[in-house]
Amino acid sequence: MHTTITPFALTHWKSERTQGELRQFGWTGTSPEFGEVRVVWPALPKAPNVVVTEVSGPGLPTARFETRGLLSELVSKPTLNRATCRVDGRFVAMERHRWAVTHRGRALRMRYLGDDYRLTALGKRAYRLERLRDDEDPGVVVTAHQMGIGNGRRVTLRAAGRVLPADLALAALFAGVDRSVLTRRGAVRAGIKRMFSFWAETTY
């Protein structure tokens, strides 16, 4: 069902540090229209060489974004490299142009249940998720901006247009994904970081 939503914020949280247990991080908040929204990474169950972010809530389909491979053990949250995404258990097709110059050109393009989406970086701490217009629907734009530092961090979500539950689940999901490669500068930094981390791990 398409719904007009009120802007709302997700606040940062982290689990207690307990010896022998996986420490988790995330965002949590309440949408007046869809209820509680919870973003968690790394999501359970933990598997070797896999890192997962999950979005859940009583009014949303569960969305999961995962990265696989040896380098997944070196990152705290999933990246867009070697990634898969599912919403309500259904596969979300994804593609992006790694060598594009502009943010729009580097956007992540997705397709889910016949709808086309585009995720575009608006900077290091902000992004836009669009469900693109088609012959039957005018589409929607959800923007997310991260603000604050430390325990005061929060992500504000706003929508222009009428939102589907899957739209909000996807928009919240990417607050728990490393989106750095959606910008040229971020992609260079991410590549250097991965190479250094892999070198440090193999020479330890």
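The sequence shown stops at residue 206 when you use my numbering, and every number in between is there. C-beta: ideal position from N, C-alpha, C; glycine also. The model shown is predicted, which means the values in this text are computed figures rather than measured ones.
Pairwise C-alpha distance: residue 186 and residue 84
Going from the Cα of residue 84 to the Cα of residue 186 covers about 18 Å.
Tell me whether residue 178 sits in a helix, a strand or coil according to DSSP, three-state version.
Under the three-state reduction of DSSP, residue 178 is assigned to helix.
Check whether the Cβ atoms of residue 2 and residue 175 lie closer than 8 Å to each other.
Outside the shown range of the chain (3 to 206) lies residue 2, about which nothing can therefore be said.
From this set, 156, 61 and 167, which residue's C-alpha is nearest residue 178's C-alpha?
Cα-wise, what sits closest to residue 178 is 156.
Check whether the region 14-33 touches the region 122-135, counting contact only when three or more Cβ pairs, one atom from each stretch, lie closer than 8 Å.
As far as the Cβ criterion goes, the region 14-33 does not touch the region 122-135, which means the pair count is below three.
Could you tell me which of 103, 67, 91 and 89 sits nearest to residue 2, measuring between CA atoms?
Since the first and last residues shown for the chain are 3 and 206, residue 2 lies out of range.
Measuring straight from C-alpha to C-alpha, what distance separates residue 118 and residue 23?
Their Cα atoms are separated by approximately 39 Å.
Beta-carbon proximity of residue 9 to residue 124, cut-off 8 Å:
No, Cβ-Cβ distance for residue 9 and residue 124 is not below 8 Å.
For residue 56, is the classification buried or exposed, using 16 other Cβ atoms within 10 angstroms of its Cβ as the cut-off for buried?
Result: buried.
Going by C-alpha to C-alpha distance, which of 172, 20 and 100 sits closest to residue 108?
Ranking 172, 20 and 100 by Cα distance to residue 108 puts 100 first.
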